[in-house]
Amino acid sequence: MSRLLPFFAFVLLAALLGFGIWWNSAHDPTAVPSPLINKPAPAFALPMLDQPTKTVSKESLLGKPYLVNVFASWCFACGEEHPVLMEESKGLGVPVIGYDYKDDPNDAKSWLAQHGNPYDMVIADTSGHTAIDFGVYGAPETFLIDAKGVIRYKRIGPLTSDVIAQQLKPAIEALQKEAP
Amino acid sequence: MAKLLRTIVLLMLIAITGIAAAQAIDPLPFRDHAEELRFQHLTSELRCLVCQDENLADSNADFARDLRHKVFELMQQGKSDAQIKQYLVDRYSDFVLYDPPVNGRTWLLWFGPLLILITGGVVVASTIRKRSRSGASAASAPTENGDDW
Numbered sequence: 023m024s025r026l027l028p029f030f031a032f033v034l035l036a037a038l039l040g041f042g043i044w045w046n047s048a049h050d051p052t053a054v055p056s057p058l059i060n061k062p063a064p065a066f067a068l069p070m071l072d073q074p075t076k077t078v079s080k081e082s083l084l085g086k087p088y089l090v091n092v093f094a095s096w097c098f099a100c101g102e103e104h105p106v107l108m109e110e111s112k113g114l115g116v117p118v119i120g121y122d123y124k125d126d127p128n129d130a131k132s133w134l135a136q137h138g139n140p141y142d143m144v145i146a147d148t149s150g151h152t153a154i155d156f157g158v159y160g161a162p163e164t165f166l167i168d169a170k171g172v173i174r175y176k177r178i179g180p181l182t183s184d185v186i187a188q189q190l191k192p193a194i195e196a197l198q199k200e201a202p
Numbered sequence: 012m013a014k015l016l017r018t019i020v021l022l023m024l025i026a027i028t029g030i031a032a033a034q035a036i037d038p039l040p041f042r043d044h045a046e047e048l049r050f051q052h053l054t055s056e057l058r059c060l061v062c063q064d065e066n067l068a069d070s071n072a073d074f075a076r077d078l079r080h081k082v083f084e085l086m087q088q089g090k091s092d093a094q095i096k097q098y099l100v101d102r103y104s105d106f107v108l109y110d111p112p113v114n115g116r117t118w119l120l121w122f123g124p125l126l127i128l129i130t131g132g133v134v135v136a137s138t139i140r141k142r143s144r145s146g147a148s149a150a151s152a153p154t155e156n157g158d159d160w
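Line order of the protein sequences matches chains A and B.
Counting in my numbering, the first sequence runs without a single skipped number right up to 202 at its last residue.
Counting in my numbering, the second sequence runs without a single skipped number right up to 160 at its last residue.
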């Protein structure tokens, strides 16, 4: 028995190493879990990208679930995500609000003109101050907010068809079921 | 006299470079040096979430600059260091702190090494005890060929 002890110790260490490798490849080690899930979204009031005199606030969006997609024209991964949104945003069953993050409004407008606009509405946070309240640290990020203004789901990094099918759509369906 | 003047000029130059280095990343209108030191200390304990191996004080990332400005703004509002940290933890989770707090999710991180040390100690102690016992019995029982590893 005691002869096998080093062998067991080795197996245990190998298993630990294997677990570490699996864990780090199955999860994005740089993704920061949002502490805001199931908490009320922060209050915000941001101008619309194409009509800067009009302001959209959290209150004005209450009553219906919606998706907030943080993007920017300077953001490389947003370019990867964009075709997926172009294809799938209309079929999600909730309004998709583009959140233009730390961007020159003119750059954002020409980016949307060039690549297409998958959003029902685009709001602009030029300074990035409101984004701090949302816990945004990089684009793209996506928040699902329910009718009461509570954040229910967050995706850090680009949405892909798989993520939409496996995570986002079930989350949206759950929201629509609980709505009266 | 000329020597003294030269020394003074030299000292002033050194002082100026020191200030320039401290403010190189991002000059902020601090009220006094104490406030600046407090700011430097606080931002060095906070993680930049874009470039996760850097702290807020050292990072050149645009995002880190935004958070530094936020920290500065909260300092101007008279918030304590603990309040400022809580503000960021509320938005960015404990991950924003370089020094993770002891709680249910981090106890393994804090006490895991101690657990491994204790386990190792127990194994070593029991092995030594067993060996010294078998060593004592080996003298009286020469048939055992002292197979050791």
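We put the beta carbon where it would ideally sit given N, CA and C, even for glycine.
| Query | Result |
| --- | --- |
| In whole angstroms, give me the CA-to-CA distance for Ala130/A and Glu109/A. | 20 Å |
| Closest Cβ-Cβ distance between Tyr98/B and chain A: below 7 Å? | no |
| Of all the residues that make up the segment 60-82 of chain B, which are near chain A by a beta-carbon distance shorter than 8 Å? | Leu60, Val61, Gln63, Asp73, Phe74, Asp77, Leu78 and Lys81 |
| Considering only residues of the same chain and omitting the five flanking positions on each side of Leu71/A, which have a CB-CB separation below 7 Å? | Asp122, Pro127, Ala130, Lys131, Val144, Ile145 and Ala146 |
| Would you say Tyr159/A lies against chain B (beta-carbon separation less than 7 Å)? | yes |
| Relative to the C-alpha of Thr152/A, which candidate in Phe66/A, Trp44/A and Pro51/A has its C-alpha closest? | Phe66/A |
| Taking Cβ-Cβ distances shorter than 7 Å, what residues in chain A pair up with Asp101/B? | Pro57 |
| Residues of chain B with CB closer than 7 Å to the CB of Val54/A, please, in chain order. | Leu60, Tyr103, Ser104 and Phe106 |
| Going by CA-CA distance only, name the one from Leu34/A, Glu102/A and Pro62/A that's closest to Asp101/B. | Pro62/A |
| Apart from the five residues on each side of it in sequence, which residues of its chain come closer than 7 Å, Cβ to Cβ, to Ala31/B? | Any reading at Ala31/B is ruled out, since the residue's pLDDT is 46, under 50, leaving its predicted position unreliable. |
| Count the other CB atoms, across all protein chains shown, that sit within 10 Å of the CB of Asp73/B; report buried if there are 16 or more and exposed otherwise. | exposed |
| Consult DSSP for Arg177/A and reduce its assignment to one of helix, strand or coil. | strand |
| So what does Met86/B bridge to, in DSSP terms? | Bridge partners of Met86/B: none, in fact. |
| Give a yes or no on contact between the segment 76-95 of chain B and the segment 120-127 of chain B, applying the rule of three or more CB pairs nearer than 8 Å. | no |
| Find out if the Cβ-Cβ distance for the pair Phe93/A, Gly120/A is shorter than 7 Å. | yes |
| Going along chain B, which residues have a C-beta under 8 Å from Ile154/A? | Asp77, Leu78, Lys81 and Arg102 |
| Any contact of the segment 179-188 of chain A with the segment 98-112 of chain B, i.e. 3+ C-beta pairs under 8 Å? | no |
| Verify the CB distance criterion: does Gly150/A have a CB-CB separation below 7 Å to chain B? | yes |
| Using the C-alpha atoms, what's the distance from Leu53/B back to Glu81/A? | 35 Å |
| Under DSSP, the beta strand (DSSP E) around Asp122/A begins and ends at which residues? | Val118 to Tyr123 |
| Skipping 5 residues on each side, what residues in its chain have a beta carbon closer than 8 Å to that of Phe106/B? | Arg58 and Leu60 |
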